[in-house]
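In full-length UniProt numbering, the protein residues as written are 1 to 344.
Here's the structure we're looking at; comments come further down.
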Amino acid sequence: MSLSPRIIALLLACLISALTLAFLTFVEGVTSTMLFVVGISSFIISFFLVFYAIELLVFREVNKMYKTIHKLKIRDFNISRKSIIKNTNPFKKLNDEIFVYVARKQKEIDELKRLELFRREFLADVSHELKTPIFAAQGFIHTLIDGAVDDEQVRDKFLSKAAKSLDGLDALVKDLVALSQLETGEVKMNFERVDLAHVTQEIFEQLEKIAHGKHASLQVKSTHSGSVWVKADPQRIRQVMTNLIENAVKYGNENGRVQVSLDDDKKFIIVSIRDDGPGIPPEHLNRIFERFYRVEKSRSKDRGGTGLGLAIVKHILNAHKTKISVMSKVEKGTTFRFKLERMD
Numbered sequence: 001m002s003l004s005p006r007i008i009a010l011l012l013a014c015l016i017s018a019l020t021l022a023f024l025t026f027v028e029g030v031t032s033t034m035l036f037v038v039g040i041s042s043f044i045i046s047f048f049l050v051f052y053a054i055e056l057l058v059f060r061e062v063n064k065m066y067k068t069i070h071k072l073k074i075r076d077f078n079i080s081r082k083s084i085i086k087n088t089n090p091f092k093k094l095n096d097e098i099f100v101y102v103a104r105k106q107k108e109i110d111e112l113k114r115l116e117l118f119r120r121e122f123l124a125d126v127s128h129e130l131k132t133p134i135f136a137a138q139g140f141i142h143t144l145i146d147g148a149v150d151d152e153q154v155r156d157k158f159l160s161k162a163a164k165s166l167d168g169l170d171a172l173v174k175d176l177v178a179l180s181q182l183e184t185g186e187v188k189m190n191f192e193r194v195d196l197a198h199v200t201q202e203i204f205e206q207l208e209k210i211a212h213g214k215h216a217s218l219q220v221k222s223t224h225s226g227s228v229w230v231k232a233d234p235q236r237i238r239q240v241m242t243n244l245i246e247n248a249v250k251y252g253n254e255n256g257r258v259q260v261s262l263d264d265d266k267k268f269i270i271v272s273i274r275d276d277g278p279g280i281p282p283e284h285l286n287r288i289f290e291r292f293y294r295v296e297k298s299r300s301k302d303r304g305g306t307g308l309g310l311a312i313v314k315h316i317l318n319a320h321k322t323k324i325s326v327m328s329k330v331e332k333g334t335t336f337r338f339k340l341e342r343m344d
């Protein structure tokens, strides 16, 4: 027989009523009418009190625990911490505390799984990126060892290619070290008063040869007529600007235009780097700041780079307490934007 709250309350009410009547029979002067009234009264009161206690305080909350377990199974983690504090029912508080605890642990497990997947993908990417220059340099050197070293023209050509592959490997390792230091907080930012307009002009001069090769124009647009002072780490912010402007030139169109805008926004300077190139498809926008992520792997490889530039940019700007955003339309161009604290 299933013991429902009603049956348990009925049995306990009968027991309490019987015990009450048994005690009253030993009292002198108690009539049968009084015993009947007391028996009925004690039965009714006991029944409802026990039923309320069991149904509302125990069975209902146990049923909620089953529902909680079901929610956890389907990973529905919506619950308010305030609602737990407001509850006075100990069973309900226990139920909600268990729910919150398990939900938190489940989220931690999901995060660990995500990090594990990220680690595997990262190791695979690093292995692939390291393998390419190592195998290239290895091939050139072994060819020279096998006899090609005697041919001066071939020797110089292969040594040059091997050196280029090793230079690429060196750049990759340096970027990996820099990214690791930025993520762990080992790199401390030395904030100073930096003239962003002057930095931009110096980068334009540095990239003039690349821009000339693509017949691209480099322009600065600023709301200030002269210097644009911001609070930043001079070396790191130069690295950010160089990476974004160089990418805009490399991935932009032939005869294109790269524009750097420095706009005043109260306490900040909004920096925008825009190109009129082929743009980035929407499905790639959320991933371009990941390590080694390339929109078009083959074309990106041809243009050089380690695939870590935008990841480094993101972490440097995070260390500046700001975030970078990207807007792009296919065949319309791409704009990277971030803001820095202004210093007059």
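C-beta: ideal position from N, C-alpha, C; glycine also.
On a predicted model such as this, the values are computed, not experimentally measured, just so you know.
Quick one: using the 10 Å Cβ neighbour count with 16 as the cut-off for buried, is residue i buried or exposed?
i, result
"Arg18", "Note on identity: in this sequence residue 18 is Ala, with Arg being the wrong assignment. Exposed, since its Cβ has fewer than 16 Cβ neighbours within 10 Å."
"Asn318", "exposed"
"Thr200", "buried"
"Asp175", "buried"
"Arg6", "exposed"
"Gly226", "exposed"
"Val194", "buried"
"Lys301", "Below a pLDDT of 50, predicted positions are generally treated as unreliable, and Lys301, at 49, falls in that range; no measurement from the model is reported."
"Ala22", "exposed"
"Phe338", "buried"
"Asp110", "exposed"
"Asp170", "exposed"
Nearest CA to the CA of residue i: which residue from the options?
i, options, result
"Ala137", "Ala216, Leu159 and Gln153", "Leu159"
"Val271", "Arg238, Asn253, Phe99 and Lys329", "Arg238"
"Lys332", "Asn253, Lys266, Ile44 and Arg114", "Asn253"
"Thr143", "Val177, Asp264, Pro278 and Ala162", "Ala162"
"Leu10", "Leu115, Val240, Phe48 and Leu244", "Phe48"
"residue 346", "Thr20, Glu28, Phe26 and Ile8", "Only positions 1 to 344 of the chain appear in this structure, which leaves residue 346 out of reach."
"Ile16", "Thr33, Ile44 and Gly307", "Ile44"
"Ile141", "Glu129, Asp156 and Ser127", "Asp156"
"Ser4", "Asp265, Val240, Lys314 and Phe51", "Phe51"
"Phe135", "Ser261, Ser217 and Leu166", "Leu166"
"Ile324", "Gln106, Asp146, Leu244 and Leu218", "Leu244"
"Lys314", "Leu207, Gln219 and Ile288", "Ile288"
"Lys329", "Glu341, Pro281 and Gly309", "Pro281"
"Gln235", "Gln153, Thr25, Gly147 and Leu196", "Leu196"
"Asp263", "Lys250, Ile312, Ser222 and Tyr251", "Ser222"
"Ala311", "Glu55, Glu108, Leu179 and Met34", "Leu179"
"Asp265", "Thr132, Thr25, Arg342 and Phe36", "Arg342"
"Tyr251", "Thr242, Gly279 and Glu55", "Gly279"
Since residue i sits in a beta bridge, which residues does DSSP pair it with?
i, result
"Gly333", "Lys329"
"Asn292", "Looking at the sequence provided, one finds Phe at residue 292 rather than Asn. Partner(s): none; Phe292 has no beta bridge."
"Glu341", "Phe268"
"Glu192", "Ala232"
"Lys221", "Ser261"
"Asp275", "Val258 and Thr334"
For residue i and residue j, what's the separation of their Cα atoms in angstroms?
i, j, result
"Ile273", "Ile98", "50 Å"
"Ile316", "Thr184", "12 Å"
"Thr335", "Arg119", "30 Å"
"Val30", "Val102", "58 Å"
"Lys113", "Asn286", "20 Å"
"Asp344", "Gly168", "40 Å"
"Gln259", "Leu182", "28 Å"
"Lys214", "Asn247", "13 Å"
"Lys267", "Trp229", "11 Å"
"Met189", "Gly256", "34 Å"
"Ala53", "Leu12", "12 Å"
"His212", "Gly277", "16 Å"
"residue 350", "Leu218", "Beyond the ends of the chain as shown, which are 1 and 344, falls residue 350; an answer cannot be given."
"Gln106", "Val100", "10 Å"
"Leu117", "Asp146", "42 Å"
"Phe204", "His198", "10 Å"
"Ile269", "His320", "13 Å"
"Leu115", "His224", "44 Å"
Quick test of your reading: residue i and residue j, contact by CB under 8 Å. State the CB separation rounded to the nearest angstrom.
i, j, result
"Phe191", "Asp233", "6 Å"
"Leu130", "Lys231", "At roughly 37 Å, the Cβ-Cβ gap does not stay under 8 Å, so Leu130 and Lys231 are not in contact."
"Leu308", "Arg291", "6 Å"
"Val173", "Ile210", "With a Cβ gap of about 23 Å, Val173 and Ile210 do not count as contacting."
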